[in-house]
Amino acid sequence: MTTTTTPRTTGHAHTAGSGVSFARVLRSEWIKLRSLRSTAWCFAVIVVLLIGFAALGAALSSAFVGTGSTPSQQQSIAVTIITFGSPFAQLVAAVLGALVITGEYGTGMVRSTFTAVPRRTAALVAKVVLVGTSTFVVSLVALAIALLVATPLLAGQDVDVDLGDGRLWASVVGAAAAIAFTAMIAFGLGAIIRNGAGGIAAAIGVVFVLPIIFGIAQGLIGKAWIYTLNEFTPPRASARLYDYPLDGTSMITMPAVDGAVVLEPWQALLVLIGWVVVLFAVALALVKRRDV
Amino acid sequence: MIEARSLTKRYGTKTALDDVSFTVRPGVVTGFLGPNGAGKSTTMRMIVGLDRPTSGSVTVNGRRYADHAAPLREVGVLLDAKAVHSGRSASDHLLAMAATHGIGKARVREVIALTGLEPVAKKRVGGFSLGMGQRLGIAAALLGDPATVILDEPVNGLDPEGVVWVRTLARHLASEGRTVFLSSHLMSEMAQTADHLIVLGRGRVLADAPVSTVIAQASGDGVRVRSPHLAQLSDLLRSRAEVVATTTDDGALDLRGVTAAQVGEAAAAQGIVLHELTPLVRSLEEAYMTLTQDSVEYHAGGTGHAGGTGHAGGAVHAGGASSAAGTASATTTGTTR
Chain A
-2 MTTTTTPRTT
8 GHAHTAGSGV
18 SFARVLRSEW
28 IKLRSLRSTA
38 WCFAVIVVLL
48 IGFAALGAAL
58 SSAFVGTGST
68 PSQQQSIAVT
78 IITFGSPFAQ
88 LVAAVLGALV
98 ITGEYGTGMV
108 RSTFTAVPRR
118 TAALVAKVVL
128 VGTSTFVVSL
138 VALAIALLVA
148 TPLLAGQDVD
158 VDLGDGRLWA
168 SVVGAAAAIA
178 FTAMIAFGLG
188 AIIRNGAGGI
198 AAAIGVVFVL
208 PIIFGIAQGL
218 IGKAWIYTLN
228 EFTPPRASAR
238 LYDYPLDGTS
248 MITMPAVDGA
258 VVLEPWQALL
268 VLIGWVVVLF
278 AVALALVKRR
288 DV
Chain B
3 MIEARSLTKR
13 YGTKTALDDV
23 SFTVRPGVVT
33 GFLGPNGAGK
43 STTMRMIVGL
53 DRPTSGSVTV
63 NGRRYADHAA
73 PLREVGVLLD
83 AKAVHSGRSA
93 SDHLLAMAAT
103 HGIGKARVRE
113 VIALTGLEPV
123 AKKRVGGFSL
133 GMGQRLGIAA
143 ALLGDPATVI
153 LDEPVNGLDP
163 EGVVWVRTLA
173 RHLASEGRTV
183 FLSSHLMSEM
193 AQTADHLIVL
203 GRGRVLADAP
213 VSTVIAQASG
223 DGVRVRSPHL
233 AQLSDLLRSR
243 AEVVATTTDD
253 GALDLRGVTA
263 AQVGEAAAAQ
273 GIVLHELTPL
283 VRSLEEAYMT
293 LTQDSVEYHA
303 GGTGHAGGTG
313 HAGGAVHAGG
323 ASSAAGTASA
333 TTTGTTR
């Protein structure tokens, strides 16, 4: 180990344009995201879950359909099977989204981050953008592979997938987006809560526990408004994003009662964007005020 | 140049910093000294905008830290050794930090070499020793080749070789005209590294002066005498108004406000035999204790001493030139004032 040699500290001259910019912060956060094993692990699990569940569903699809279903019914079945792993992938994405920020608080890294980017906003925006886009890309690729894996298996069960169907691809993209939105919602919760266990628990609560609570509430109360309220929760809005309903009947979600709102995919997209924006805004306001 | 003006930080009813003002100048090493809990780290975090002052302000080179376009090129800071994600390698950490300011890979390699991190650069930080963590923190602080360097307890956890290295580095950075501000709770460390001292105790500035002045102010040099005719000598010296005499536990007399020469001459004039005549120069630690004894946040309990006056500070005998009795007694002299 070199030690007591006379240190040479001067490396380069200050140059114009040598400061912080959003592009640079984005680059920095990208280095951070890909240099952690937890990122690779989460993405690997997402890929395995999405492809695995699709393959499993396709192999067992005779349980869903009899022969003689209409082409559009077959497309709906295909979407249901291909996006079968989506809720589980959302769970992992929630863990990743929360970890990206709580990991920095837990280790003290956040102090280095905010020393380099003292205004903090750019760092937080870069993080949420990167966690969202990388989760989207990974999920989309995995779902595309899942589609290719499932198609021949489904053909063996007399379900002929029409790859020229735009709605099918819209559902595939929607499912990838749902996973990415979940990661971004979890990021917001993580930034608000800061504690790793707390952030992950809150995110899992939203993804997994909320639907259970609403399921019970719907069973007990059964009024239209509770179904409507449920439509605006992140997990249900996520499901609506990749739903392939036939004549208003969804194969993914429970039938709603009369008078309850059912979100169209574009409405579900707006609801999810709303969740991300609101949580991120609260997180940003808190992060900018807090001592670290 | 760091300028703090009336920095105050309150956590609920507890005041961590109370109206702290100081200026840290370029070209010298300024030590930031104080007991644990005095508010040093809080102050340093405020300088780089991590903590907000309840009131007051602090600027670096005339601007708030966050208002600099390229903060890492203005100020390099080591806040604590592990402000790093434990799952990331040292080199990835530095690359990520550098990327925010468009600092290239070449500079990252330079600071890795400078801090002796090459063998572990690709290893994950979680497995680093405290010393390695400190080196990584210092590497990060130097990334932007900043004109101001702030190091919070930089020698913590370093081996003796590392301590010398930090000391050399700090002096070298100051010699290049940079502003160097480093904190420690160890007076001896500061005495060897710093030119100027800012002493903090319980959130207040207790001293802000060159190292030698701080020591001189706090010490008030004295003389220790032993004599079979101590009472006679004591009466003789007490007649001088400015002399303060204290009897030590083992029967010596500690005198302040009088030199060894004066005591010797007075004794000779009266024919009093002296067994010991020792000029007392208090150690840096004692000077520091004197400054901070009322402001120590956490006194060690169970020592049986009354709070504040019971610090074990061995009296250091300067030169030993006139130790008549030849016994370099190292009795504990609580700094009684």
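Protein sequence lines correspond, in order, to chains A and B.
In terms of our numbering, the first sequence opens at residue -2 and continues consecutively.
In terms of our numbering, the second sequence opens at residue 3 and continues consecutively.
Heads up, the beta-carbon is just placed ideally off N, CA and C, and yes, glycines get one too.
Because the structure is a prediction, the values reported are computed rather than measured.
Item: Beta carbon of Glu120/B nearer than 9 Å to that of Val60/B; Value: no
Item: Closest Cα partner of Gln295/B within the set Asn38/B, Thr15/B, Asp20/B, Ser8/B; Value: Asn38/B
Item: Beta-carbon separation (whole angstroms), Leu186/A vs Gly193/A, contact threshold 8 Å; Value: Not really, about 12 Å apart at Cβ, beyond 8 Å.
Item: Lys11/B - partner residues in DSSP beta bridges; Value: Leu19/B
Item: Chain-ordered chain A contacts of Arg81/B [CB-CB under 7 Å]; Value: According to the sequence as given, residue 81/B is Leu; it is not Arg. Near Leu81/B (Cβ distances below 7 Å), the residues of chain A are Arg108.
Item: Distance between Ala141/B and Ile105/B (C-alpha atoms, nearest Å); Value: 13 Å
Item: Phe40/A at chain E interface by Cβ criterion, 9 Å; Value: Among the protein chains in the structure shown, which are A and B, there is no chain E.
Item: Buried or exposed by the 16-neighbour rule on C-beta atoms within 10 Å, applied to Glu76/B; Value: buried
Item: Runs of alpha helix (DSSP H) wholly within the region 141 to 194 of chain B (minimum 4 residues, chain order); Value: 162 to 177
Item: Chain-order list of residues whose beta-carbon lies under 7 Å from that of Arg191/A (same chain, five-residue window excluded); Value: Thr99, Tyr102
Item: Interface flag, Thr32/B vs chain A, CB-CB below 9 Å; Value: no
Item: Unbroken alpha helix (DSSP H) run spanning Glu278/B, endpoints; Value: Element bounds for Glu278/B: not the alpha helix (DSSP H) but the beta strand (DSSP E), 278 to 282.
Item: According to DSSP, residues forming a beta bridge with Glu210/B; Value: Just to set this straight, residue 210/B is Asp in the shown sequence, not Glu. DSSP, once it has assigned bridges, lists Ile200/B as partnering Asp210/B.
Item: Residue environment, Ala263/B, which counts as buried when at least 16 other CB atoms sit within 10 Å; Value: exposed
Item: Interface residues of chain A facing Thr102/B [CB-CB closer than 7 Å]; Value: Val17, Arg21, Val22, Ser25, Ala113, Val114
Item: Whole-angstrom distance between Leu260/A and Ala234/A, CA atom to CA atom; Value: 7 Å
Item: Min CB distance Thr225/A to chain B below 9 Å; Value: no
Item: Own chain residues within Cβ distance below 7 Å of Pro156/B, not counting five before or after; Value: Leu80, Gln136, Ile140, Val168, Leu184
Item: Neighbouring residues, chain B, relative to Val289/A (Cβ below 9 Å); Value: Arg47, Leu52, Asp53
Item: Proximal residues to Gly219/A (C-beta, below 8 Å), its chain only, five neighbours per side dropped; Value: Val254
Item: Close beta carbons around Ala91/A, own chain, < 8 Å, minus the five adjacent residues each side; Value: Thr179, Ala180, Ile182, Ala183, Ile197, Ala200, Ile201, Val203, Val204
Item: Partner residues on chain B for Leu186/A, Cβ-Cβ distance less than 8 Å; Value: Those within 8 Å of Leu186/A in chain B number zero; the least Cβ separation is about 20 Å.
Item: Listed by chain order, chain A residues near Leu97/B by CB distance under 7 Å; Value: Ile28
Item: Contact under 9 Å by Cβ, Val182/B with Val31/B; Value: yes
Item: contact_flag[the region 157 to 169 of chain A, the region 235 to 244 of chain A] where n(CB pairs < 8 Å) is 3 or more; Value: yes
Item: First and last residue of the uninterrupted alpha helix (DSSP H) at Ser83/A; Value: 83 to 104
Item: Where Arg54/B falls: helix, strand or coil (DSSP); Value: coil
Item: Inter-residue spacing [alpha-carbon to alpha-carbon] between Leu188/B and Val201/B; Value: 11 Å
Item: Beta-carbon spacing of Glu26/A, Ala123/A below 9 Å; Value: yes
Item: Contacts around Val275/B, its chain only, beta-carbon distance under 7 Å, and the 5 residues preceding and following it disregarded; Value: Ser229, Pro230, His231
Item: Listed by chain order, chain A residues near Lys84/B by CB distance under 8 Å; Value: Thr104, Gly105
Item: Per-residue DSSP class, three states only, for Arg65/B; Value: strand
Item: Asp155/A beta carbon less than 9 Å from that of Pro68/A; Value: no
Item: Phe223/A and Leu97/B closer than 9 Å at C-beta; Value: The sequence shown places Ile at residue 223/A, rather than the Phe named in the question. No; because the gap between Cβ atoms is not below 9 Å, this pair is not in contact.
Item: Alpha-carbon to alpha-carbon, Ser43/B and Ser23/B; Value: 15 Å
Item: Buried/exposed call for Pro115/A, threshold 16 Cβ in 10 Å; Value: buried
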